[in-house]
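All residue numbers for the sequence shown refer to the numbering used here, where the first residue is 5 and numbers rise by one.
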Amino acid sequence: MNSKNYNSKLRIGVLALQGDFEAHLKALQKAADQLGIEIEAKAIKLPAQIDDLDGIIIPGGESTTIGKLMVLFGLQEPLQQKIREGLPIWGTCAGLILLAKETDNAMEGQPLLASMNIRVRRNAFGSQRESFETDLSVPVLGEAPFHAFFIRGPAVEAVGPGVETLATLDDGTIVAVREGTLLGTAFHPEVSGDPRFHHYFLRIVQSVKG
Ligand code: GLN
Numbered sequence: 005m006n007s008k009n010y011n012s013k014l015r016i017g018v019l020a021l022q023g024d025f026e027a028h029l030k031a032l033q034k035a036a037d038q039l040g041i042e043i044e045a046k047a048i049k050l051p052a053q054i055d056d057l058d059g060i061i062i063p064g065g066e067s068t069t070i071g072k073l074m075v076l077f078g079l080q081e082p083l084q085q086k087i088r089e090g091l092p093i094w095g096t097c098a099g100l101i102l103l104a105k106e107t108d109n110a111m112e113g114q115p116l117l118a119s120m121n122i123r124v125r126r127n128a129f130g131s132q133r134e135s136f137e138t139d140l141s142v143p144v145l146g147e148a149p150f151h152a153f154f155i156r157g158p159a160v161e162a163v164g165p166g167v168e169t170l171a172t173l174d175d176g177t178i179v180a181v182r183e184g185t186l187l188g189t190a191f192h193p194e195v196s197g198d199p200r201f202h203h204y205f206l207r208i209v210q211s212v213k214g
């Protein structure tokens, strides 16, 4: 029996205003193939493109630039509306900053989606450790550590009610969180070659779509 049901194809958009959206599109397609899930992954730039999506990824890049372009392209309010409706959204690095309700050193007037009950600090790792790699324990992904690439990433400084911490660094700094259908990682799973975070997000999308 052919288990593929084309009507239930998951439509996932990767916000393609700036940053490393191409790497996410590739990683997502590969992850879906591995799970045998039919998806349509597309780069999105315009409000009309998000109407029929089942999930969205906001990639890494520069959160100030992505935020400004998001306003310019008329995407801020439609994305906030989708979040209120429970659409699964995963922000990586700059994407996590955009999802946060609070940032303690955002550029003044930096547009955010301001939806996740967390406070983040941009460029939290200073010049010595601006970019680094480390093995993270991420219990929701299983026992094997997840090799994480931090590229001038943020740290999550505080989490509010309803936010689950998925991973911390050895010193306790929170670097991966989930709040309902929102997922945030301070690092870049799309460059790690490890598909498990993409699998995890695809399963959230699948469970919401039902
Ligand atoms: N430092 C960037 C910012 O503040 C994030 C870096 C990244 O996404 N790799 O937006």
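Every residue gets a Cβ at the ideal spot worked out from N, C-alpha and C, and that includes glycine.
query                                                                                                       : result
Under the three-state DSSP convention, the category V212 falls into                                         : helix
Length at least 3, wholly inside the segment 130-155: the beta strand (DSSP E) runs in chain order          : 135-140, 150-155
Cβ pair count under 8 angstroms reaching 3, the segment 191-207 against the segment 122-132                 : no
contact_flag[the segment 131-145, the segment 85-104] where n(CB pairs < 8 angstroms) is 3 or more          : no
Closer than 6 angstroms: S67 CB and nearest the ligand GLN heavy atom                                       : yes
T220 vs P63 beta-carbon contact at 7 angstroms                                                              : Summary: the structure shown does not reach residue 220, with the chain confined to residues 5 through 214, and so no result is reported for it.
First and last residue of the uninterrupted alpha helix (DSSP H) at A4                                      : Not covered by the structure: residue 4. The range shown for the chain is 5 to 214.
A218 CB to nearest heavy atom of the ligand GLN below 6 angstroms                                           : Nothing can be reported for residue 218: it is not among the residues displayed for the chain, which extend from 5 to 214.
L76 classed as buried or exposed, judged by whether at least 16 other C-beta atoms fall within 10 angstroms : exposed
Extent of the continuous alpha helix (DSSP H) to which E168 belongs                                         : Premise fails: E168 lies in the beta strand (DSSP E), 168-172, not in any alpha helix (DSSP H).
R123: CB within 6 angstroms of a non-hydrogen atom of the ligand GLN                                        : no
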